[in-house]
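Okay, structure first, notes after.
2 protein chains.
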Amino acid sequence: MNKAYREVEQHMRETSAIGSAAGLVGWDQETMMPPKAAGSRAEQSAALAGVIHEKIVDPAIGRALKSLSKNPKDMSEAEKVCVREWLRDYMRAVKVPTELVQEIARVTTLAHEAWIRARKTSDFKVFAPWLEKIMRLTRKEAEHIGYEEHPYDALLDHYEPGMTVRQLDPVIAALQRGLAPIAKRLIGSKERPDTSLLRRRYPEADQEAICREVIKLMGLDMDAARLDRSAHPFCCGIAPTDVRITTRFDERWLPQALYGVIHESGHALYEQGLPEKSFGTPLAEGVSHGIHESQSRLWENLIGRGLPFVRLIHPMLKKRFPSQLSGVSARDLYRALGRVKSTPIRVEADEVTYNLHIALRYKLEKGLLVGKIKVRDLPGLWNEGMKELLGIKPRNDAEGVLQDTHWSQGLIGYFPTYLIGNLAAAQLWAAIRREVPCAEAMIARGKLSPVLEWLRTRIHRHGRRFSPAALIERATGESLNQRHFLDYIKTKYGGIYGIGEWTQAR
Amino acid sequence: MNKAYREVEQHMRETSAIGSAAGLVGWDQETMMPPKAAGSRAEQSAALAGVIHEKIVDPAIGRALKSLSKNPKDMSEAEKVCVREWLRDYMRAVKVPTELVQEIARVTTLAHEAWIRARKTSDFKVFAPWLEKIMRLTRKEAEHIGYEEHPYDALLDHYEPGMTVRQLDPVIAALQRGLAPIAKRLIGSKERPDTSLLRRRYPEADQEAICREVIKLMGLDMDAARLDRSAHPFCCGIAPTDVRITTRFDERWLPQALYGVIHESGHALYEQGLPEKSFGTPLAEGVSHGIHESQSRLWENLIGRGLPFVRLIHPMLKKRFPSQLSGVSARDLYRALGRVKSTPIRVEADEVTYNLHIALRYKLEKGLLVGKIKVRDLPGLWNEGMKELLGIKPRNDAEGVLQDTHWSQGLIGYFPTYLIGNLAAAQLWAAIRREVPCAEAMIARGKLSPVLEWLRTRIHRHGRRFSPAALIERATGESLNQRHFLDYIKTKYGGIYGIGEWTQAR
Numbered sequence: 000m001n002k003a004y005r006e007v008e009q010h011m012r013e014t015s016a017i018g019s020a021a022g023l024v025g026w027d028q029e030t031m032m033p034p035k036a037a038g039s040r041a042e043q044s045a046a047l048a049g050v051i052h053e054k055i056v057d058p059a060i061g062r063a064l065k066s067l068s069k070n071p072k073d074m075s076e077a078e079k080v081c082v083r084e085w086l087r088d089y090m091r092a093v094k095v096p097t098e099l100v101q102e103i104a105r106v107t108t109l110a111h112e113a114w115i116r117a118r119k120t121s122d123f124k125v126f127a128p129w130l131e132k133i134m135r136l137t138r139k140e141a142e143h144i145g146y147e148e149h150p151y152d153a154l155l156d157h158y159e160p161g162m163t164v165r166q167l168d169p170v171i172a173a174l175q176r177g178l179a180p181i182a183k184r185l186i187g188s189k190e191r192p193d194t195s196l197l198r199r200r201y202p203e204a205d206q207e208a209i210c211r212e213v214i215k216l217m218g219l220d221m222d223a224a225r226l227d228r229s230a231h232p233f234c235c236g237i238a239p240t241d242v243r244i245t246t247r248f249d250e251r252w253l254p255q256a257l258y259g260v261i262h263e264s265g266h267a268l269y270e271q272g273l274p275e276k277s278f279g280t281p282l283a284e285g286v287s288h289g290i291h292e293s294q295s296r297l298w299e300n301l302i303g304r305g306l307p308f309v310r311l312i313h314p315m316l317k318k319r320f321p322s323q324l325s326g327v328s329a330r331d332l333y334r335a336l337g338r339v340k341s342t343p344i345r346v347e348a349d350e351v352t353y354n355l356h357i358a359l360r361y362k363l364e365k366g367l368l369v370g371k372i373k374v375r376d377l378p379g380l381w382n383e384g385m386k387e388l389l390g391i392k393p394r395n396d397a398e399g400v401l402q403d404t405h406w407s408q409g410l411i412g413y414f415p416t417y418l419i420g421n422l423a424a425a426q427l428w429a430a431i432r433r434e435v436p437c438a439e440a441m442i443a444r445g446k447l448s449p450v451l452e453w454l455r456t457r458i459h460r461h462g463r464r465f466s467p468a469a470l471i472e473r474a475t476g477e478s479l480n481q482r483h484f485l486d487y488i489k490t491k492y493g494g495i496y497g498i499g500e501w502t503q504a505r
Numbered sequence: 000m001n002k003a004y005r006e007v008e009q010h011m012r013e014t015s016a017i018g019s020a021a022g023l024v025g026w027d028q029e030t031m032m033p034p035k036a037a038g039s040r041a042e043q044s045a046a047l048a049g050v051i052h053e054k055i056v057d058p059a060i061g062r063a064l065k066s067l068s069k070n071p072k073d074m075s076e077a078e079k080v081c082v083r084e085w086l087r088d089y090m091r092a093v094k095v096p097t098e099l100v101q102e103i104a105r106v107t108t109l110a111h112e113a114w115i116r117a118r119k120t121s122d123f124k125v126f127a128p129w130l131e132k133i134m135r136l137t138r139k140e141a142e143h144i145g146y147e148e149h150p151y152d153a154l155l156d157h158y159e160p161g162m163t164v165r166q167l168d169p170v171i172a173a174l175q176r177g178l179a180p181i182a183k184r185l186i187g188s189k190e191r192p193d194t195s196l197l198r199r200r201y202p203e204a205d206q207e208a209i210c211r212e213v214i215k216l217m218g219l220d221m222d223a224a225r226l227d228r229s230a231h232p233f234c235c236g237i238a239p240t241d242v243r244i245t246t247r248f249d250e251r252w253l254p255q256a257l258y259g260v261i262h263e264s265g266h267a268l269y270e271q272g273l274p275e276k277s278f279g280t281p282l283a284e285g286v287s288h289g290i291h292e293s294q295s296r297l298w299e300n301l302i303g304r305g306l307p308f309v310r311l312i313h314p315m316l317k318k319r320f321p322s323q324l325s326g327v328s329a330r331d332l333y334r335a336l337g338r339v340k341s342t343p344i345r346v347e348a349d350e351v352t353y354n355l356h357i358a359l360r361y362k363l364e365k366g367l368l369v370g371k372i373k374v375r376d377l378p379g380l381w382n383e384g385m386k387e388l389l390g391i392k393p394r395n396d397a398e399g400v401l402q403d404t405h406w407s408q409g410l411i412g413y414f415p416t417y418l419i420g421n422l423a424a425a426q427l428w429a430a431i432r433r434e435v436p437c438a439e440a441m442i443a444r445g446k447l448s449p450v451l452e453w454l455r456t457r458i459h460r461h462g463r464r465f466s467p468a469a470l471i472e473r474a475t476g477e478s479l480n481q482r483h484f485l486d487y488i489k490t491k492y493g494g495i496y497g498i499g500e501w502t503q504a505r
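Keeping their order, the protein sequence lines are chains L and H. All letters in the first sequence, in the order written, are residues 0 to 505 by numbering that gives the first Met the number 0. All letters in the second sequence, in the order written, are residues 0 to 505 by numbering that gives the first Met the number 0.
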C-alpha cells in the first residue's frame with residue numbers, strides 16, 4: 000500500500016463528495032427549489048464551486064500526483080488509472096490562469112443573458128459582440144491548455160478525452176457524404192408515416208405511469224434513482240446509488256415524455272453501472288460526453304424506436320390508452336415513430352437528420368475559433384448550411400443560429416459529442432446484435448437484461464479506465480466510424496419508406 | 000467601511016452558504032433520496048461538515064474577529080452584532096479539542112445504534128453503558144467550554160444562549176408546582192371531550208389540501224417554501240427565501256398532519272421573517288431553539304387550537320369532510336382538540352401535560368451530568384417521576400426512559416428549550432392580545448396578518464441581534480416566566496372542563 004496514494008485518494012474522494020453534493024444542489028434547483036430562492040441558491044452554488052476549485056488546484060496535491068505518476072511503486076493497476084486521470088484533471092485545471100477563468104465566467108454570464116434577449120427578438124446583433132468576446136477568450140484558453148495540431152483539440156479534449164480534429168474530420172465528412180442524400184430522399188418521399196396517432200390527447204398521469212413501467216423494463220433500479228419533472232429533461236448522477244432523471248410532458252405529443260425518459264434512463268443506467276465501491280474516484284465516473292450520449296441514444300433510438308421494443312410496449316400503451324390507440328398496430332406505431340422530416344430545430348430533429356445539424360455546428364465553431372469565420376458572417380453561413388444539408392431555410396435567426404444555448408455559455412467543442420454518441424450507439428448496437436444471442440427477440444419478449452449486461456461489461460463498469468476511443472475499440476472491435484450508423488439508417492428507413500435497394504444493400 | 004470586517008464577512012457568508020447547502024442535502028435525505036443512497040450521502044455530508052468545520056475554526060478568522068471585537072472602528076451597530084455572534088460561535092468551536100469532538104461523534108454514532116436496539120427490546124441495560132460514556136464525554140466538553148456556576152450552563156448555552164440553571168430552576172419549579180395539580184384535576188375529570196370525531200377516516204389527499212389552505216391563511220409565502228412528506232416532521236430553513244417543512248399523515252387521526260403543519264409553519268414563518276439581505280450573517284439566523292419553538296408552539300397551540308382559529312377552519316374542514324364532520328360544531332372540534340389525557344410518551348402529550356415531561360428530563364439530565372444520579376438508577380427515577388407528575392407508570396422502558404433519541408445523540412441541555420418555547424409562546428400570546436386590536440376576532444375572520452406582523456416586528460426581523468432573554472423582555476415587557484402559561488392553561492381548560500374557579504381566577 001502506498002501511503003502517499005492513500006492521502007491523495009482521501010483528498011480526491013472528499014472533493015468528489017462535495018462535487019456530488021453540488022450536483023444535488025443543482026438538481027434541486029431544476030426540480031424542487033421554490034422560485035424565490037434563486038438568489039440564495041446562486042450563493043450556495045458559488046461557495047461550493049469555490050471550495051471544489053480550491054481543492055482541485057491544491058498545489059500539494061499536484062506535487063503528490065506528479066510524484067506518484069513518475070514513481071508508481073506499490074500501486075495497483077486501478078490506482079495507477081486514478082493517478083493518471085486525477086493528474087489529467089489537475090493539469091487542465093491549473094493550466095488556465097485564474098484571471099482567465101474568472102473573465103470567462105463573467106463574460107459568459109452576461110453573454111447568456113444577451114443570448115436570451117437576442118433569441119427573444121431574433122436579433123443576432125445583440126448576441127454577436129458577446130460571441131466575439133467568447134471566441135477570443137476561448138482561443139486564449141485553448142492556447143493555455145495546449146494542443147498538438149489544432150486549437151479546437153484543446154476544447155474537444157475536455158468533453159471527449161483524446162479526441163482530435165484529425166480523427167473527427169474524416170468521420171464527419173464521410174458521415175455527411177453518406178447521410179445528406181439519404182435525408183434528402185426520405186424528406187422528399189411521398190411515403191409518409193402517419194404521425195397523427197401520436198398527437199391525440201394522452202393524459203399526463205397515464206404517460207407518467209407508462210414511463211415508470213418502461214424504466215422498470217429497462218432495468219433501472221428505482222431504489223437508487225428518481226424520476227421528476229423539470230423544464231429541460233436531464234440526468235444527474237449524484238452517485239451510482241443516487242441517479243436522478245427528469246422529464247417533461249406534452250399531452251399532445253406522446254413521444255416527448257416517453258422517449259425523453261428512455262433517453263435519460265440510458266444515461267442513468269450508465270451511472271448505476273459504475274462500480275459503487277470506487278465512488279469518488281475516476282473509476283466510477285463516466286468517461287466522456289460522447290460515450291454517455293452513446294448510452295442514452297442507444298436506448299432511445301436503436302433499441303427504443305426499434306420494432307422489437309415497440310412490439311413490447313405496444314400492448315402496455317394500448318392498455319393505458321385504449322381509445323387513443325384504437326386500431327393502431329405495433330407497426331403503425333413503429334412507423335409513426337420513424338417519420339423523417341426536415342426541421343430547422345436541432346432538438347426536434349429525428350435520428351436521420353440530427354447529425355447533419357451537428358456537422359454544421361462543428362464546421363462553424365471550428366472556423367470561428369481559428370478566425371476563418373467572422374461572427375458577423377455567421378447567420379448567412381448558418382442558413383446556407385441548412386439549405387445545403389436539409390434543404391430548408393430558417394424563418395429567422397431565433398430558429399437558426401440563435402437556437403442553441405451552448406455558445407452563449409462558452410461551451411465550444413461540446414456539439415460533436417452528440418454526434419460521437421450517435422455513431423458509437425450504432426456501432427455498439429451492431430456489436431450487441433452480433434454477440435448477444437437473439438437480442439432483438441429477447442427485447443420483444445421483455446427480456447432486456449442480456450443487452451444491459453453486455454453494456455455493463457463492455458462500457459459501464461470501466462469508468463475512466465480506458466480512453467473513450469480505446470473503450471469503443473475494445474467493445475466493438477473497431478475504432479469509431481460512421482459505417483454502422485449509415486447501415487442502420489439505410490436498413491431501418493429503407494424498410495419504413497419502402498426503398499428496396501437500401502434494405503438489400505445490407 | 001472597515002476592510003477587515005468585509006473580509007471576515009465574505010468568509011462567513013461563504014461558510015454560511017455551504018452550511019445552508021449542507022442543510023439542503025440533509026433535507027433531501029429525509030424527503031427525496033432513494034433508499035440505496037444512504038452510504039454515498041453519508042460521505043457527502045461528512046465532506047461538507049469537514050469543510051464547514053475548517054472554515055469555522057480558521058485561526059486567521061479567529062484573530063480577525065478578536066481584533067475587530069476589541070477595536071470596532073468604522074463598523075455599524077449591525078456589523079458589531081455580527082462580530083459579537085461570530086466570535087461567540089468561534090470560541091465555542093475552538094474551545095473543545097478536535098480529539099474530543101471526534102470521540103463524541105464516534106461514541107454517539109454507536110450509542111444511537113445501541114439505543115435503537117435497546118428501545119426495540121425495551122432493555123435499558125443495552126443502552127446504559129453508552130449513556131455513561133456520553134455523560135462522561137459531555138462533562139469533559141462542558142469543562143472545556145467553561146461556565147460560571149453549573150456545568151449544565153455550558154450545554155444550555157449552546158441551544159439557548161445566555162440561559163443558566165440559576166435562571167431556569169425557579170421558573171421550572173414554579174411551573175411544576177402550578178401545573179401538576181392542574182394536570183391531575185383535568186386528567187381525573189369526569190368531563191371528557193369526545194375525540195372520536197378526530198378518529199374518523201380522513202383521506203390523505205384531502206388532509207393535504209386542507210394543510211395547504213391553512214398554510215396560506217397563516218401567511219407563509221409558498222413561492223419561498225415547500226411542503227413535503229417525511230417520517231419525522233421538521234422545518235429546514237435553507238434561506239429566508241427557501242424554507243422547507245414536512246409532515247406525515249395519519250388517515251385515522253386528523254390532528255397529526257394538520258397541527259404538525261401548523262407547528263412547522265410557525266417555524267417556517269420565523270425563517271421567512273429573517274431579513275433576506277442579511278442572509279449568511281447572524282442577523283438572518285434564528286436566535287435560539289427556545290425562541291424558534293415559541294413560534295411553532297404559538298401557532299400550533301395558542302392560536303391554532305384556540306376557539307377563534309378553530310371557528311375559522313371549521314367551515315373549511317366541513318366542506319372537505321362533510322360526512323366525517325356531519326353534526327360537528329366548531330365548539331365540538333375545539334373541545335376535541337383540547338382533550339387532556341395522561342400518556343407516558345412526550346411527543347403524544349397535550350399542551351397541559353407536555354411541560355411536565357420536560358421538567359422530569361431536565362431534572363434527570365442535570366443530575367446525571369454532575370454525577371448526582373447514576374445511570375443505573377435512571378429507569379427507577381424515571382418511573383417515579385412519571386408517577387408523581389402524571390400519575391402513570393410506563394409499561395416498560397421503551398415507553399419510559401428509552402423513548403427519546405436525544406441522549407443517544409449527545410443532545411444534553413436540549414430538552415428545556417421545548418419548555419422555554421411553550422412559556423415564551425404563552426407570554427407572546429398575552430402580549431399580542433394586549434397590543435394587537437381585536438386579535439382573536441381578526442383570527443376568526445381569517446385575518447391573521449396583524450398577528451404575523453407583530454411577530455415579524457418583535458421577533459423575526461431581529462435575528463440574533465438580541466439575546467433570547469432580551470428579545471423576550473423587549474417583546475413582552477417581562478423576563479421569561481411561567482405565569483402567562485399557567486393563566487392561559489387555567490382559563491382555556493377551565494372553560495373546556497367546566498371548572499368555574501379557574502376561569503374566574505383570571
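Beta carbons: idealized from backbone N, C-alpha and C, even for Gly.
{"Asked": "Rounded C-alpha distance that separates H/Ala-46 from L/Lys-65", "Found": "25 angstroms"}
{"Asked": "Buried/exposed call for H/Val-369, threshold 16 Cβ in 10 Å", "Found": "exposed"}
{"Asked": "Beta-ladder partner(s) of L/Leu-226, from DSSP", "Found": "L/Ile-244"}
{"Asked": "Where L/Val-50 meets chain H, residues with beta-carbon distance less than 7 angstroms", "Found": "Ile-17 and Val-50"}
{"Asked": "Neighbour-count burial assignment, L/Glu-84, 16 or more Cβ in a 10 Å radius", "Found": "buried"}
{"Asked": "DSSP three-state assignment for L/Ile-237, whether helix, strand or coil", "Found": "strand"}
{"Asked": "Under 8 angstroms from the C-beta of H/Asp-222: neighbouring residues of chain L", "Found": "Pro-33, Pro-34 and Lys-35"}
{"Asked": "Cβ-based burial, H/Pro-281 [other Cβ within 10 Å; buried from 16]", "Found": "buried"}
{"Asked": "Beta-carbon separation (whole angstroms), L/Val-400 vs L/Trp-428, contact threshold 8 angstroms", "Found": "Actually they are not in contact, since the Cβ atoms of L/Val-400 and L/Trp-428 sit about 33 angstroms apart, beyond 8 angstroms."}
{"Asked": "Burial state of L/Gly-412 (16 or more Cβ within 10 Å)", "Found": "buried"}
{"Asked": "Option nearest H/Met-11 by Cα separation, candidates H/Ser-121, H/Ala-208 and H/Glu-53", "Found": "H/Glu-53"}
{"Asked": "Cα-Cα separation, L/Leu-377 to L/Gly-384", "Found": "10 angstroms"}
{"Asked": "Pair within 8 angstroms by beta-carbon distance, H/Gln-481 and H/Ala-204", "Found": "no"}
{"Asked": "Beta-carbon spacing of L/Ser-507, L/Trp-298 below 8 angstroms", "Found": "Since the first and last residues shown for chain L are 0 and 505, residue 507 of chain L lies out of range."}
{"Asked": "Inter-residue spacing [alpha-carbon to alpha-carbon] between L/Gly-494 and L/Val-93", "Found": "53 angstroms"}
{"Asked": "Own chain residues within Cβ distance below 7 angstroms of L/Pro-34, not counting five before or after", "Found": "none"}
{"Asked": "Sequence-distant residues of its chain with Cβ nearer than 8 angstroms to H/Ile-372 (five each side left out)", "Found": "Leu-363, Gly-366 and Leu-380"}
{"Asked": "Beta-carbon spacing of H/Ala-430, H/Ala-474 below 8 angstroms", "Found": "yes"}
{"Asked": "CB contact below 8 angstroms: H/Arg-505 versus chain L", "Found": "Because the pLDDT at H/Arg-505 is just 49, under 50, the model does not fix this residue reliably, and the value given afterwards should be weighed accordingly. No, H/Arg-505 does not count as interfacial toward chain L."}
{"Asked": "Which of helix, strand or coil DSSP assigns to H/Arg-505", "Found": "Note that H/Arg-505 has pLDDT 49, beneath the 50 cutoff, so the model's placement of it is unreliable and the number below is only indicative. Correct three-state label for H/Arg-505: coil."}
{"Asked": "L/Tyr-258: first and last residue of the uninterrupted alpha helix (DSSP H) it sits in", "Found": "253-272"}
{"Asked": "Partners in chain C for H/Glu-13, counting only beta-carbon separations shorter than 7 angstroms", "Found": "The displayed structure is made up of protein chains L and H, and chain C is not among them."}
{"Asked": "Limits of the alpha helix (DSSP H) - the one that H/Val-106 falls within", "Found": "97-120"}
{"Asked": "Exposure of L/His-231, with buried meaning 16 or more beta-carbon neighbours within 10 Å", "Found": "exposed"}
{"Asked": "C-beta neighbour in chain H for L/Gln-43, strict 8 angstroms", "Found": "yes"}
{"Asked": "For L/Ala-335, the three-state DSSP class (helix, strand or coil)", "Found": "helix"}
{"Asked": "Buried or exposed by the 16-neighbour rule on C-beta atoms within 10 Å, applied to L/Ala-425", "Found": "buried"}
{"Asked": "Secondary structure of H/Glu-284, DSSP reduced to three states", "Found": "coil"}
{"Asked": "Option in H/Ala-469, H/Asp-122 and H/Ala-48 with minimal Cα separation from H/Ala-509", "Found": "Outside the displayed span of chain H (0 to 505) sits residue 509 of chain H, for which this structure offers no information."}
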